[in-house]
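Note that the numbering used here has the sequence shown beginning at 3, numbered continuously upward. For reference, the structure discussed in these notes is given below.
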Amino acid sequence: MSPLSSEKHAEKHAELASRIIDGKGIARALTDQVGRDVAAFVDDGNVLPGLAVVLVGNDPASEVYVKNKAIQTHRVGMRSFMHMLPQSTSQDELLDLIAQLNVNPKIHGILVQLPLPAQIDPVVVTNAIAPHKDVDGLGEVNAGRLSLGIDGIVPCTPLGCLMLLKSVHEDMTGKHAVVIGASNLVGKPMAQLLLKENCTVTVAHIHTRNTKELAREADILVVATGKSGLVRGDWIKPGATVIDVGITRVPAENGKTRLVGDVAFDEALPIAGHITPVPGGVGPMTIACLLHNTLQAAKATHAIVGASS
Ligand code: GUN
């Protein structure tokens, strides 16, 4: 290779790298900010914000997630309360625990890790969390507020996606946003947030017949299906912003495993304007937003206590 072409090669490489949205870095900045805000809140004489995380069963991926949540909670100077319950836990037992956490003044945020074992209805459980402690924003009160465009607690993963979008778009007004996946956890709240940003929003899901064609129309494409590699390079409109929420562990060549997203990253990178990697994209934002939501919940509780005393 001539020196010139190797220079060109390096330039092209740098240009492609500049399209990658640094979720890890943005999450670190947000976490650091939450840490400073917690310190200021406590310095002002307020209680230490506390987050309770409940895990039912021993799904290995969920165990890793909740341990990470506890580590990060300590890192920002908040209290972490972990509740690890056996797989056989009944719905009533879990509801009893939530009722105790709802009235515990040391706890400002409650998160029940999903998925739950089959004997427990996740909708019943998320709705049992007091709305002002529902830091996942998945209960009907916060979901309703979001759909009405009223301030409330916004689910962590879509909130993180929105922050990543805002890192590359000053204004999303009039853009066509396509969300693939219509779950209560990501797809539905994501669509609401994009509507609030004045996007034209299309939601594609498992029964949609022309998902690829819809994706090709998207200025902003958010993919949250859990189907690794679903979105190929030719699904992407040149210059689009692609947010990949998927995270699946697959076998790697070296006999180990690796994490991949719902988007075929190597195919998508040369076509997209901006794209999140997996890992290091949306994942770190989810925890950072959880900490952000917990501090907001503690501040809201303090305001109520402050107003009545
Ligand atoms: N499982 C995977 N992601 C999430 C999340 O954001 N919240 C909860 N509660 N469970 C999850």
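Backbone N, C-alpha and C define an ideal beta-carbon position, used for all residues, glycine too.
Any beta carbon from chain D within less than 7 Å of residue i's own beta carbon?
| i | result |
| --- | --- |
| Gly176 | Of the chains in the structure shown, none is chain D; there is only one protein chain. |
With a cut-off of 8 Å on the beta carbons, I'd call residue i and residue j a contact; round off their distance for me.
| i | j | result |
| --- | --- | --- |
| Val40 | Met80 | 6 Å |
| His110 | Gly52 | 6 Å |
| Ile245 | Leu167 | 7 Å |
| Lys26 | Pro253 | Incorrect: roughly 24 Å between the Cβ atoms, too far for contact. |
| Lys135 | Asn186 | About 18 Å separates the two Cβ atoms, so there is no contact after all. |
| Gly275 | Arg21 | 6 Å |
| Met174 | Asn200 | 7 Å |
Are residue i and residue j close, meaning C-beta to C-beta below 7 Å?
| i | j | result |
| --- | --- | --- |
| Cys163 | Val284 | yes |
| Ile100 | Ala130 | yes |
| Ala206 | Thr213 | yes |
| Ile273 | Pro240 | yes |
| Thr128 | Leu118 | no |
| Ser169 | Ile28 | yes |
| Gly235 | Glu269 | yes |
| Leu196 | Val203 | yes |
| Val78 | Gly37 | yes |
| Gly151 | Lys198 | yes |
| Val137 | Ala302 | no |
| Val143 | Pro133 | yes |
| Thr259 | Ser230 | no |
| Leu116 | Pro124 | yes |
Considering only DSSP beta bridges, list what residue i is partnered with.
| i | result |
| --- | --- |
| Arg38 | DSSP lists no partner for Arg38. |
| Ala290 | The partner list for Ala290 (beta bridge, DSSP) is empty, contrary to what the question assumes. |
| His276 | Thr243 |
| Phe83 | Ala54 |
| Leu261 | Arg251 |
| Ile182 | Ala206, Val225 |
| Ile23 | Looking at the DSSP assignment, Ile23 forms no beta bridge with any residue, so it has no partner. |
Exercise for the section: Go through the stretch 193 to 258 residue by residue and report every complete run of the alpha helix (DSSP H) that reaches 4 residues or more, in order. Expected result: Every unbroken stretch of the alpha helix (DSSP H) spanning 4 or more residues and falling wholly within the stretch 193 to 258 is given here in chain order: 213 to 218.
Handout entry: Stretch pair the stretch 78 to 89 + the stretch 147 to 154: three plus CB contacts closer than 8 Å
Key = Between the stretch 78 to 89 and the stretch 147 to 154 there are fewer than three inter-stretch CB-CB distances shorter than 8 Å, so the stretches are not counted as touching.
Problem - Stretch-stretch touch, CB-based, cutoff 8 Å, three pairs: the stretch 288 to 301 with the stretch 260 to 269 - result: Between the stretch 288 to 301 and the stretch 260 to 269, the count of Cβ pairs shorter than 8 Å is below three; the stretches do not touch.
Exercise for the section: Report the residue ranges of all alpha helix (DSSP H) runs contained in full by the stretch 95 to 129; include only those spanning at least 4 residues, in chain order. Expected result: Listed in chain order, there is nothing to give.
Exercise for the section: Count the C-beta pairs between the stretch 216 to 232 and the stretch 181 to 189 that are closer than 8 Å, then say yes if the count reaches three, no if not. Expected result: Touching, yes, given that three or more Cβ pairs across the two stretches are closer than 8 Å.
Practice task
Decide yes or no for the touch test of the stretch 50 to 64 against the stretch 92 to 109: beta carbon pairs closer than 8 Å, at least 3 of them.
Solution key: Contact between the stretch 50 to 64 and the stretch 92 to 109 is present, because at least three Cβ pairs lie under 8 Å.
Practice task
Let me know the alpha helix (DSSP H) ranges lying completely inside the stretch 120 to 180, each 4 residues or longer, listed in chain order.
Solution key: Annotation note: the stretch 120 to 180 contains the following uninterrupted alpha helix (DSSP H) runs of length 4 or greater, listed N- to C-terminal: 124 to 130, 142 to 150, 158 to 168.
Exercise for the section: Check whether the stretch 7 to 20 touches the stretch 67 to 76, taking contact to mean three or more Cβ pairs, one atom from each stretch, closer than 8 Å. Expected result: Two segments are said to touch when three or more pairs of C-beta atoms, one from each, lie closer than 8 Å; by this definition the stretch 7 to 20 does not touch the stretch 67 to 76.
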